[in-house]
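Student: 326 is the number that the working numbering gives the last residue of the sequence shown; the numbers go up by one with no jumps.
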Amino acid sequence: MPAVTADPTTLTRVPAAGLGDVERPVRSITTAPSGLQGEGFPVRMAFAGVDARDLDPFIMMDQMGEVEYAPYEPKGTSRHPHRGFETVTYLLDGTFLHQDSHGGGGVIANGGTQWMTAGAGILHIETPPEELVMSGGLFHGFQLWVNLPRVKKFAPPAYQNLEGTDVTLLASADAGSLIRVIAGDVGGAKGPGSTHTPINLVHATVTAGAQLSLPWRPDFNALVYVLAGSGTVGVEQRPLRTGQLAVLGAGDRLTVAADAQQESRSPALEVLVLGGRPIREPIAQYGPFVMNTRDELRQAVEDYQAGRLGVIPDGALMPHTGRRS
Ligand code: MN
């Protein structure tokens with residue numbers, strides 16, 4: 002069962018499209034290449050091949066899994082630094098532990114979100130818990146990188162632990178879709194995530210054959226990524242399936258529809274819908290650092306090497322390599 006679920010007919014419904022509403026057209030559809038992250042967990046690189054200006058204020062997104070691990074297979078990351086942006090990790094299935102050098106950390110599971118503001122700098126580790134390493138099992142989620150504007154690059158590090166039950170649940174106008182607002186505002190309903198610049202982050206489950214029409218602020222960009230299933234997007238009803246990203250054009254609503262026939266492993270269409278007000282600043286990125294200039298990147302590497310991005314706490318989590326010890 003993916004993330005948090007509820008009967009949509011019992012929920013507040015988002016307003017249906019009005020006469021003056023402009024539906025966003027589809028500008029591009031790309032297919033995420035597969036790769037490995039951290040100690041070797043499988044990901045789909047959702048934003049690969051998309052112009053950074055179309056993603057702004059987002060930088061990167063990895064769909065983690067979906068993967069059915071055998072015992073001793075689950076993997077995470079080793080301890081690593083970040084500066085200048087935020088990492089947002091959401092899990093539909095499985096469990097991830099997080100621990101950072103600023104005192105933030107916890108368990109991410111069951112539709113929970115971990116929202117980490119690296120800001121001025123942080124060290125962290127993301128790893129499956131020991132019992133999941135031993136048992137194996139289903140693991141599925143995503144990690145999104147949200148940029149910070151120049152004035153917030155050196156904000157104090159922060160950590161928001163959003164449980165699945167904290168998420169704001171809504172239904173589509175036809176009650177065929179469950180809408181989970183993690184952050185932002187959809188039709189006046191606000192999600193729990195606190196953000197530095199205005200963004201929307203939504204996970205929607207669209208029942209086979211149903212159509213989801215969402216109001217979407219015209220000053221936001223709009224991206225639709227398919228976590229599982231197949232359907233169509235936009236007024237043009239362009240086909241979209243697992244691992245594909247649609248970049249939408251201007252407008253104040255967006256539409257996603259689920260094919261009537263879905264694969265048995267995913268009976269519904271699972272989509273992430275995200276967007277925000279573009280920051281429109283130069284981006285300089287080197288691995289885990291996202292700044293405005295190359296000089297600031299050099300400084301970040303220097304600060305990391307000098308231990309100024311944090312220290313490993315006593316009794317810290319250590320990475321599981323997936324090997325039997
Ligand atoms: Mn990280």
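Beta carbons: idealized from backbone N, C-alpha and C, even for Gly.
Treat the numbers as computed from the prediction; the structure is a model and nothing was measured.
#1: Distance, Cα to Cα, GLN238 vs GLN212?
#2: Relative to the ligand MN, is the shortest distance from any of its heavy atoms to the C-beta of HIS125 smaller than 7 Å?
#3: Looking only at C-alpha atoms, which of ILE30, THR78 and ASP8 sits nearest to GLY39?
#4: Assuming contact is defined by CB atoms lying nearer than 8 Å, are GLY113 and LEU145 in contact in what I supplied?
#5: Tell me the DSSP secondary structure of LYS191 in three-state form.
#6: Is SER231 near GLN263, with beta carbons less than 8 Å apart?
#7: Please go through the segment 186–239 and give each complete alpha helix (DSSP H) segment of 4 or more residues, from N-terminal end onward.
#8: If you reduce the DSSP assignment to three classes, tell me which class ARG54 lands in.
#9: Would you decide whether SER326 is buried or exposed? Buried here means 16 or more other CB atoms lie within 10 Å of its CB.
#10: Should HIS103 be listed as close to the ligand MN, given that the test is whether its C-beta is under 7 Å from any heavy atom?
#11: Among THR294, ARG54 and GLY105, which has the Cα closest to the Cα of PRO158?
#12: Could you spell out the range, first to last residue, of the alpha helix (DSSP H) harbouring VAL15?
#13: Which of helix, strand or coil does DSSP assign to VAL5?
#14: Helix, strand or coil, according to DSSP, for MET319 in the structure here?
#15: For PRO158, write down the residues that DSSP places opposite it in a beta bridge.
#16: In whole angstroms, give me the CA-to-CA distance for SER265 and LEU139.
#17: I need the DSSP call for VAL134, collapsed to helix, strand or coil.
Tutor: Considering the structure as presented:
#1: 11 Å
#2: yes
#3: Comparing C-alpha distances from GLY39 to each of ILE30, THR78 and ASP8 shows the shortest one belongs to THR78.
#4: Contact flag unset, no.
#5: strand
#6: yes
#7: Assignment of alpha helix (DSSP H) within the segment 186–239, counting only whole runs of 4 or more residues, yields no such run.
#8: helix
#9: In this prediction, SER326 has a pLDDT of 42, which is less than 50 and means its spatial position is unreliable; nothing more can be read from the coordinates.
#10: Checking the 7 Å criterion, the Cβ of HIS103 is out of range of every heavy atom belonging to the ligand MN.
#11: GLY105
#12: Segment: none, VAL15 is in no alpha helix (DSSP H) and carries neither H nor E.
#13: coil
#14: Coil at MET319, not helix or strand.
#15: Paired residues: none, contrary to the question.
#16: 16 Å
#17: helix
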